[in-house]
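Number of protein chains: 2
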Amino acid sequence: MANTHRKKRLKLGASIYPVGYHVAGWRYPGAQVDGGISLQHHVDLAQAAERGGFDFIFLADAAVIWDQNIDAVARTAWSTRFEPLTLLSALAMVTKRVGLVATVSTTYNEPYTVARKFASLDHLSGGRAGWNLVTSAAEAEAQNFNLDRHLAHADRYKRAREFVEVVTGLWDGWSDDAFLFDQQSGIYFDPAKLNILNHHGTYFSVKGPLNIPRPPQGYPVMVQAGLSDDGRELAAETAEVLFTAQPTLPDARAYYADVKARMVKYDRSPDSLNIMPGVVTVIGRSRAEAQEQEARLRSLTHPAPGLAFLSGLIGAFDLSHHPLDGPLPELPPTNGPKGRQRLLVEVARREKLTLRDLYLNIAMTSGHRLVSGTPEDIADQLEDWFVNEGCDGYNVAPPYLPGGFDDFVNLVVPHLQKRGLVRTEYEGVTLRENLGLPRPAARSHIKVSAAE
Amino acid sequence: MANTHRKKRLKLGASIYPVGYHVAGWRYPGAQVDGGISLQHHVDLAQAAERGGFDFIFLADAAVIWDQNIDAVARTAWSTRFEPLTLLSALAMVTKRVGLVATVSTTYNEPYTVARKFASLDHLSGGRAGWNLVTSAAEAEAQNFNLDRHLAHADRYKRAREFVEVVTGLWDGWSDDAFLFDQQSGIYFDPAKLNILNHHGTYFSVKGPLNIPRPPQGYPVMVQAGLSDDGRELAAETAEVLFTAQPTLPDARAYYADVKARMVKYDRSPDSLNIMPGVVTVIGRSRAEAQEQEARLRSLTHPAPGLAFLSGLIGAFDLSHHPLDGPLPELPPTNGPKGRQRLLVEVARREKLTLRDLYLNIAMTSGHRLVSGTPEDIADQLEDWFVNEGCDGYNVAPPYLPGGFDDFVNLVVPHLQKRGLVRTEYEGVTLRENLGLPRPAARSHIKVSAAE
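Protein chains in written order, with numbering that gives the first Met the number 0: chain V, 0 to 451; chain G, 0 to 451.
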């Protein structure tokens, strides 16, 4: 077994936006155009991630098409994807070690259902499940769930906090040793090892128990993506992996220091949270080739989805009537992802970007860091933030698939392995073990308090 | 290719109650005691079903442990199971033709979520998904979903009818040819082929569309289990497979004739609904061996889960204080599964059963038909109801697993194949094709009416 697990290793997630992270990635030569509903495409990507020693693959999600402007949507591949928990259950069968992280919203689901599905995936996969908790950002998603308008930002986070309490309480409903399977005595489980939750809170009343034993990992790994103040606080309290969009190292360092500092008041060690900014990777055999790729992706980007995407990230503010070669107009406050809006506006002002510059950038990166160049350049850039306390690892988002990801695994990973930054063999079996996270002990349910 | 598909063939479902259908099945020698969370156990069963030419495997489900009497529950294996949609997504990867039917309740889920998950399973499996629609029978399930009490029976069925309307409307949101994947023009889908649902009804407001294309089968196969008047009517209108509990051929014939007659007013052909009663199968190399198996299962049945199971089926009426060797007491009306209660009471009166007789019978069959004997005896009994218009096929429920199912596939199926009643090769690719059901065309959404 390799000894890389004794060194500090950067964590890697593979963000599988089915046909690539770039708005026009599906138009890139060689892209799997129908990737969103191609099982084989996902099998190949998951197996490539495992070959590359990735900690996990990650599926973003929302229960809505990505924008209400149908002409813009019709020019992207994002109207089409598998539902994450069904897809990851299938992928569990063709992989052995890579973690399986699904996005599920606390705003439009019930905690009993979510607790049960993740417990099921964790059992199916031998302890490889992770839950990316989101509170849902799109107004339109509400309209698929009997509501005219989205829940207010603060309410979503209060609900999310109580949701997590219920879900983890349900996971703890059965002690790890509750099941005896004793044919002779006829006792299947020990009733003394069952803790009925009986939660009665502000948003939820849930009795329990789950009809599935405690997950192999205790809890599936808890993933979040908070940029806002509410989001950072919830992450500091409950997250074990944190996705974030950080365009520059100073931004990343400030965010990293802030979130890790917030963990103290929850009695958590900084090592128990892995902060993993997204990186969009453009990999060339030469720097010129990487630049050509970037130019090609820009040339394939139609203004309609570019503007719609930009508009969605800054709070559903309609930009279509503003001149493309003028500056970003003043924006009203958003009920969507607050942190993302602030970040984008700051960058636009600082770098004096036109609307066209901005949508082309955003089409490429969604506000994430772009790393571009030769495989060695990319490895340098990834190492730089890691050693300078900008992050604990990366969520790798190739602009087009599968080529963009294959290049990362085949060309960049070997450089990272040579530097001891990426494993050559998995150290453990479960996602927790591979991320170096402790397995939480089951709490007993003397009293589960409601969200404040 | 075999020509059995030209004859009228009986349909077969495999009801995988993880450790067997019998209350004490998990105690039977050789039973997979931890089957509820053993993936390999389910892989073996699904592959055996496919080897036996089964139309589908079927997973019953409820989002609750099966009874609130913990000492009774602790003596069964039913507190432990995978969540069906995650499990079937995994099993889709290790099977090629067998259908995958999951139970999902319309009472504690949202139609957008359900439509999406089944569409995802249907795409993942190449068109093998089926949805067993239930309205949930257990009072206790409500308490896992923020309610003190269960929705009333009639309200559940009104909600279910509107739920189906929304779900099928969402599946029809994209025309079959909506997606162009045209890299050259940059048009991913044709906006003219998208029909926004905009449903505003009594129970649901759902805009749509789904973020996944129309399922390969158009709609996953629609399965139900209605015995009550409401249940029969909903099935006559919308079901394609109908599970039922029928203890005798006259009962089965009456039910069969009634439901098929109800289909006329919905303009449906009787062939478009497969009525498949459950059969619990006890298979011996000799009749004496089968009787020994029955006796062994009875001897393994503790009164606590026996009575709790009986009580659950007749509407959560507590039987624990009544003498075991006296008759079934008078019962109050139930808000649970009405049809099942009536049937059990009729049988008890007719056959003058004591409470002990009744719970031992119920522990064995849950009110379903018991077929017992040699493989040839079983084949005779299955053929009998089929040729006498008692059914279109069977939902096979072995009392213990995997042995009880392996015996069916290895010993009984060859007899059924010899008689031309079971296929030797799958005729089609999708579950619909193998069941001989038409693929529904997408409706356009001029107007989707609310439930009446």
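Every residue, glycine too, gets a C-beta built ideally from N, C-alpha and C.
Within chain V, the residues whose beta carbon sits less than 8 Å from that of Ile-36 (chain G) are His-122, Ile-211, Pro-212, listed in sequence order. The criterion of a C-beta distance shorter than 9 Å is not satisfied by Leu-343 (chain G) and Pro-219 (chain G). Counting only Cβ-Cβ distances below 7 Å, Ile-64 (chain G) has contacts in chain V at Pro-208, Asn-210, in chain order. In terms of CA proximity to Thr-237 (chain V), V:Gly-225 leads the group V:Thr-243, V:Gly-325, V:Gly-225.
Per the C-alpha coordinates, the member of V:Ala-128, V:Ala-62, V:Trp-25 positioned closest to Leu-430 (chain V) is V:Ala-128.
When the Cα atoms are used, Pro-83 (chain G) and Val-103 (chain G) turn out to be separated by approximately 8 Å. Note that the C-beta distance between Asp-43 (chain V) and Leu-11 (chain V) is not below 9 Å. In the three-state DSSP reduction, Ala-224 (chain G) falls in the coil class, being neither helix nor strand. Of all residues in the stretch 164–182 of chain V, the ones placed with a Cβ closer than 8 Å to any Cβ belonging to chain G are Phe-178, Phe-180, Gln-182, in chain order.
Any Cβ of chain G closer than 9 Å to the Cβ of His-21 (chain V) would place that residue at the interface, and such an atom is absent.
Here Gln-142 (chain V) is near Val-205 (chain G), since their CB atoms are less than 9 Å apart. Excluding five sequence positions before and after Ile-274 (chain G), the CB atoms of its chain that fall closer than 6 Å to its own CB belong to Leu-241, Tyr-255, Cys-390, Asp-391, given in chain order.
Closer than 9 Å to the CB of Ser-14 (chain G) there is not a single CB belonging to chain V. Thr-353 (chain G) carries a strand assignment under DSSP once its states are collapsed to helix, strand and coil.
The C-beta of His-321 (chain V) comes no closer than 9 Å to any C-beta of chain G.
Residues of the stretch 228–244 of chain V with a Cβ closer than 9 Å to any Cβ of chain G: none. Close CB contacts of Phe-316 (chain V) within its chain, under the 7 Å cut and outside five residues either way in sequence, are with Ser-310, Leu-330, Pro-331 (chain order). Residues of the stretch 26–50 of chain V with a C-beta less than 7 Å from any C-beta of chain G: Arg-26, Val-32, Asp-33, Ile-36, Leu-38, listed in chain order. Scanning its chain for C-beta atoms nearer than 6 Å, with the 5 sequence neighbours on each side dropped, one finds around Gly-51 (chain G) the residues Val-408, Val-412, in chain order.
When 9 Å is used as the limit between beta carbons, Arg-355 (chain G) is near no residue of chain V, the shortest such separation being about 17 Å. At a Cβ-Cβ threshold of 9 Å, Gly-366 (chain V) and Pro-246 (chain V) count as neighbours.
Below 8 Å, enough C-beta pairs join the stretch 95–110 of chain G and the stretch 149–167 of chain G to call them touching: three or more. Cβ contact annotation for Val-370 (chain G) (same chain, cutoff 6 Å, sequence separation greater than five): Val-278, Thr-280, Ile-377, Gln-380, in chain order. Less than 9 Å divides the Cβ of Ser-124 (chain V) from the Cβ of Leu-87 (chain V). Residue environment for Arg-422 (chain V): buried (at least 16 other C-beta atoms within 10 angstroms of its C-beta). Taking 8 Å as the Cβ-Cβ cut-off, the stretch 103–114 of chain G approaches chain V at Tyr-107, Asn-108, Glu-109, Tyr-111, Thr-112, given in chain order. Boundaries of the beta strand (DSSP E) harbouring Ala-101 (chain G): 98–104, taken from the DSSP string. In the same chain as Pro-269 (chain G), and ignoring 5 residues on each side of it, the C-beta atoms closer than 7 Å to its own belong to Lys-259, Met-262, in chain order.
Put simply, the CB of Gln-290 (chain G) is far from chain V, with every gap to its CB atoms at 9 Å or more. Closer than 9 Å to the CB of Lys-259 (chain V) there is not a single CB belonging to chain G.
With a threshold of 16 other beta carbon atoms within 10 Å, Tyr-156 (chain V) meets it and is buried. Counting along the chain, Arg-368 (chain V) sits inside the beta strand (DSSP E) bounded by residues 368–372. The DSSP assignment places complete alpha helix (DSSP H) segments of no fewer than 4 residues inside the stretch 212–297 of chain G at 228–237, 248–261, in order along the chain. Contact with chain G is absent for Trp-130 (chain V), since none of that chain's Cβ atoms lies less than 9 Å from the residue's Cβ.
Residue contact check for Phe-203 (chain G) against chain V: a CB pair falls below 9 Å.
Rounded to whole angstroms, the separation of the alpha carbons of Pro-326 (chain G) and Leu-352 (chain G) is 6 Å.
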